[in-house]
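Working notes for the structure below.
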Amino acid sequence: MNIFEQYLNEIKELIINNAKKLELDNTNALKSVNLEIPPEKFDYDLSCNVAMVMAKANKKKPEHLAKNIQALLIENLKNFSKVDIAGPGFLNINFKNEALTEIINKIIKKKSNYGSNLKKNKYNLEFVSANPTGPLHVGHCRGAIFGDVLSNLLSFNGNKVTKEYYVNDHGNQIKNFVKSVFLRLREIKFNEKFKDKKELYPGDYIIDIAKKIIETKPRINLKNLDDIYNELHKLSINLSLDMIKNDLNKLGIKHDIFIFENELIKNKTVEKAVNKLKDKKFVIEGYLEEPKGEEKKDWKRIKRLIFKSSLFGDDTDRALQKNDGSWTYFASDVGYHSFKISRKFNSLINILGADHTGYIKRINAAVKALSDNKVILDCKVCQLVKLYKKGKPYKMSKRAGDFITVKDLLSEVDKDSIRFMMLSRSNDVELDFDFSKVLEKNKDNQVFYVQYCYARINSLFRILKLDLNKTFTIDEKNFNLNIYERKILRKVFDWSKTIDLASFKQEPHRITFYLYDLATLFHSYWSKGNEDEDYKLVKDGKIKQLNSLIIIQLVAIVIENGMKILGVSLPKKM
RNA sequence: GCGCCCUUAGCUCAGUUGGAUAGAGCAUCGGUUUUCUAAACCGAGGGUCGUAGGUUCGAAUCCUUCAGGGCGCGCCA
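Here it is in structure tokens:
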């Protein structure tokens, strides 16, 4: 429930009670009526589209209906000082001072909760889920931060969120990974040269993993890989995962649960899920057609289990078994999602990289089939990140084939800048990340600009020798805000709406844009004091208007709440 | 060939689930500092919202056509 909901409800109620008088037969359309903060150039607190929405539903002219509703609002709603009609039928509204101070007091009371709309859904968010065969690279980084901030956002808005990492510790790539570790171990122990075969992992981190294994298990038997495979698999995956967790940690990310593919296969979760689909007749034994396009060399016409995902919107049916009868990656994922469904979430969200878009339809189909269309899976795709340095494409000067890792990134740029920057675009457009730009200290660097705003506010409170966390009481008798303060206040009001919209659309980038806008309004007000003595806040070391200070405190509250969601720190002094 | 995403100012992008004269930053040009952080602020120019249709009081937003760019199209993970 955001702070305007009560006013919206009052308006709706008024319309329903006066439907006859307004000659409205259809009041169903009321659900799409909005109460919003109008664009800055209009000097109003609120804007309502009720006349236009209802006019459409009842085939009436908006202007005429607007006039009647205007009269109704003026007569009945005592908190409004002014209701004007503008444009195609907007009702623009101003609050009376008493209403404004009441809202301000509410915000101050809520403080670190201001903006939260107390939703109570249970979300499952799966993100990162990078294969434990190597370190995290920049491609993972965007999805990781997107997922983390989205879960912060949803939690802030009152929901319960489980942050989950799915570990693909099964399959051929993992076998090759374990084999690579094995060969590195032999290299260290027996001086046997590591052959750089195509399917193996050559990276230096494999050597590190091998060294650590020798530290903990100096007597490990390296005669035959098959004899120690299970043990080595476990050791290697754990060490690799530690490396990934360490990187995530440095980015400020911590998952609640790690789910292991191997476990799901061992404890028959996969088998049970497939059987469930069999019972529903969505899984059959049969043949698939050879895929079109590029020729696949391993393709074989063999009878196998097939999920009829085309029944649920997929382009084609999907294999659940490989040639040797073992489960495909997709089959494991069916099992995994069946497990997710069994845990009774209201909503499942997967964060994927752009290279996994092709996968969305089939996993959505699986969730639909498993849950009888009751559970919805939202797959959010993060597009590519392109790295730049001083405007030029950036590549590490290491040997060819090396990707840029999160570690590399963190050695050049701090966590705060990375987090803010990764959310400076909507997730479904490509993102240019310029190393040199995020380290600059100017308006072009959004992180800096917002942090600087907060630092200025702190500096103000330092000068006044006042605590920023202190609760002040608004001076209702002298409540007379200037235009800068009114603009700031309206933006502050807009915060709960921003949270609601960002949560609903699952678009955390709205938070960064909002904070930047808010900072702009503050900086503008602040600088006005340089130009015009009347706008100076402080005189002889004391605050001129307590109410001004409270407005500025509201800015600080919102910035604190916003940056907490983003996971970006806020220096008090810069 | 098919699917998903994108196309808005010179550049990089927002755009509140169909609304007001389409907004920011960078770049360009011009201005502001004895006084709360000038690491900032103010102003100016710059647009056929890729193309062509459609839906309606009203479209950057919804539908269709076409063009351009990105990602993907396994019985890999």
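Under my numbering, the residue at position 366 of the first sequence is numbered 402, and the numbers go up by one with no gaps. The beta carbon of each residue, even a glycine, is placed where N, CA and C say it ideally should be.
Item: Residue ranges of each beta strand (DSSP E) within the stretch 297-342, 3 or longer; Value: 319-322
Item: Euclidean distance between Cα positions of Leu-271 and Ile-249; Value: 7 Å
Item: Neighbourhood of Asn-195 by C-beta, 8 Å cutoff - its chain only, sequence neighbours within 5 removed; Value: Lys-155, Lys-156, Asn-157, Lys-158, Tyr-159 and Ser-539
Item: Supposed close pair Leu-219, Phe-230 - CB separation, criterion 8 Å; Value: 5 Å
Item: Nonlocal neighbours in the same chain, by C-beta distance under 8 Å from Ala-436, ignoring five residues either side; Value: Unreliable positioning characterises Ala-436 in this predicted model, as indicated by a pLDDT of 38, which lies under 50. A coordinate reading is not provided.
Item: Phe-469 - containing alpha helix (DSSP H), residue span; Value: Run containing Phe-469: none in the alpha helix (DSSP H); it sits in the beta strand (DSSP E), 467-470.
Item: Rounded Cβ spacing between Phe-182 and Asn-463 (contact assumed at less than 8 Å); Value: 6 Å
Item: Among Leu-502, Lys-431, Phe-484 and Asn-386, the one whose alpha carbon lies nearest that of Val-164; Value: Asn-386
Item: Beta strand (DSSP E) segment containing Ser-83, residue limits; Value: 82-84
Item: Asp-468 to Tyr-485 span [Cα, whole Å]; Value: 19 Å
Item: Closest by C-alpha distance to Leu-313, when choosing among Arg-337, Glu-299, Lys-302 and Lys-344; Value: Lys-344
Item: Alpha carbon of Ala-91 to alpha carbon of Ser-187, nearest angstrom; Value: 39 Å
Item: For Lys-428, the residue or residues it bridges with in DSSP; Value: Lys-425
Item: Sub-9 Å separation of Ala-166 and Leu-287 beta-carbons; Value: no
Item: Coarse secondary structure for Gly-389, derived from DSSP in three states; Value: strand
Item: Reduced DSSP category for Asp-120 - H, G, I as helix; E, B as strand; rest coil; Value: strand
Item: Among Lys-97, Glu-46 and Cys-84, nearest to Phe-126 - alpha-carbon criterion; Value: Cys-84
Item: Reduced DSSP category for Asp-414 - H, G, I as helix; E, B as strand; rest coil; Value: strand
Item: Backbone CA spacing between Phe-116 and Gly-565 [nearest angstrom]; Value: 31 Å
Item: Beta-carbon gap between Ser-500 and Val-574 smaller than 9 Å; Value: In the sequence under discussion, the amino acid at residue 500 is Leu, which differs from the Ser named in the question. In contact: Leu-500 and Val-574 (Cβ atoms closer than 9 Å).
Item: Coarse secondary structure for His-291, derived from DSSP in three states; Value: coil
Item: Runs of alpha helix (DSSP H) lying entirely within the stretch 449-514, each at least 4 residues, in chain order; Value: 451-458, 471-474 and 482-499
Item: Meets three-Cβ-pair contact criterion under 8 Å: the stretch 293-302 and the stretch 201-210; Value: yes
Item: Alpha carbon of Ile-320 to alpha carbon of Cys-418, nearest angstrom; Value: 34 Å
Item: Residue burial classification, Lys-434 (beta-carbon count within 10 angstroms, cutoff 16); Value: In this prediction, Lys-434 has a pLDDT of 45, which is less than 50 and means its spatial position is unreliable; nothing more can be read from the coordinates.
Item: Length of the line joining the Cα atoms of Ile-129 and Glu-72; Value: 10 Å
Item: Alpha-carbon to alpha-carbon, Asp-530 and Arg-371; Value: Rather than Arg, the amino acid found at residue 371 in this sequence is Gly. C-alpha separation (whole angstroms): 42 Å.
Item: Proximity winner among Lys-578, Asn-141 and Glu-567, relative to Leu-502 (alpha-carbon distances); Value: Lys-578
Item: Lys-533 versus Gln-542 - alpha carbon distance; Value: 13 Å
Item: Assigned secondary structure, Ala-166 (DSSP; H/G/I helix, E/B strand, else coil); Value: coil
Item: Exposed unless 16 or more other CB atoms sit within 10 angstroms - verdict on Trp-363; Value: buried
Item: The stretch 403-418 touching the stretch 440-455, judged by at least three CB pairs closer than 8 Å; Value: no
Item: DSSP state of Ala-55 mapped onto helix, strand, coil; Value: coil
Item: Cβ neighbour criterion (16 or more within 10 Å) applied to Met-610; Value: exposed
Item: Residue environment, Gln-42, which counts as buried when at least 16 other CB atoms sit within 10 Å; Value: exposed
Item: Three-state class that DSSP yields for Ile-139 in the structure shown; Value: helix
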